[in-house]
Amino acid sequence: FYVAVPALNHGWRPVLWVVAILTMVVGTVTAVTQTDVKRMLAYSAVAHAGFILTGVIAGNEAGLSATLFYLFAYAFSTLGAFAVVSVVRDADGAEETSMARWAGLGRRYPLVGVVFSLFLLAFAGIPLTSGFVSKFAVFKAAGQGGAIPLVIVGVLASAIAAYFYVRVIVLMFFTDPPEDAPEVITPSSLSVATITLTAAITFALGALPQPLLDLANNAARFLP
C-alpha cells in the first residue's frame with residue numbers, strides 16, 4: 001500500500017480503519033464460536049489480518065517495520081500450527097480436527113501438546129513468543145500514528161482471542177480424553193523439520209526479537 005499509492009495514504013485511511021476493525025472483530029467473534037480446530041485457526045487468521053493492517057494504517061516507518069515483522073512471525077507460527085494439526089488422525093487415518101476430540105491430547109502426547117500450545121500462545125500474543133513482539137510493535141506504531149481507537153479495538157480483540165486459544169490448551173491438558181481418542185501418527189521427516197523449525201523461530205523471535213526488528217527497520221527505510 002505504501003509503495004502502490006503513497007499519495008492516497010491519508011485519503012484511504014478511513015476505509016482502512018473500517019476494514020481493520022471489521023476483520024479484527026468479525027474474525028475474533030467467529031473464531032470463538034468454532035468447534036473445529038482448523039476453522040478456529042482460519043477465522044483467527046482473519047483477525048490477524050486486521051492486526052497486520054493496523055501497522056499499515058499507522059502510516060509511519062515504525063508501522064511498516066512492525067508489519068514486516070508481524071508477517072514473517074505469523075507465517076512461521078501458522079505453518080507450524082497446521083503442521084501439528086496434520087499429524088492428529090482418527091481411526092480411519094483422516095485428520096481429526098473436532099475440538100472436542102482433542103481432549104486430553106496433551107496428556108497422551110505431551111510433546112505435541114506443548115508445541116501446539118506454543119503456537120497458540122504466540123497467536124494470543126503471550127510474552128516470550130513472536131506474537132507478543134508482533135502485536136506490541138504494531139500497536140505501538142499505531143499509537144504513535146494517532147490511531148489510538150484502533151489500538152483499543154485491537155487490544156480488546158486480542159483479549160477475547162486469548163480465551164479461545166487458552167481454551168484449546170486447557171482442553172488438551174486438563175480434560176479427560178474420549179474413549180476413541182485420536183492418535184498422533186509418526187510424522188514424516190518433512191513434518192518433523194517443519195514443526196521443529198517453526199517452533200524454534202516462534203520462541204526465538206519472542207526471546208530475541210531485536211535482530212529481525214533491526215532488519216525490518218532497515219527494510220522499511222527503503223519504502224516510501
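If you read the sequence shown in the working numbering, its first letter stands for residue 1, the second for the next number, and so on. For every residue, glycine included, the Cβ atom is placed at its ideal position computed from N, Cα and C. In this text the structure is predicted, and so the values were computed from the model without any measurement.
Out of the options, point me to the one whose CA is closest to residue i's CA.
i	options	result
G145	L41, A66, L22	A66
V84	N217, L105, T175	L105
K135	L64, N218, L41	L64
D214	V26, W12, F69, K38	F69
E183	V112, V153, F76, L53	V112
S98	P187, I195, Q34, S191	Q34
K38	M24, P14, W12, A81	A81
A122	V18, S191, S158, T194	S158
S44	A199, L150, Y163, I185	Y163
G154	A181, I21, P110	I21
Quick one: give me the first and last residue of the alpha helix (DSSP H) that residue i is part of.
i	result
M172	148-174
V115	110-124
N218	210-221
L205	189-207
G145	Run containing G145: none; DSSP gives neither H nor E here.
If residue i and residue j are in contact, beta carbons under 8 Å, what's the gap, nearest whole angstrom?
i	j	result
R101	P178	6 Å
R221	E61	7 Å
A103	L171	5 Å
A161	A31	7 Å
Per DSSP, what are the beta-bridge partners of residue i in this structure?
i	result
S98	D36
R89	E95, E183
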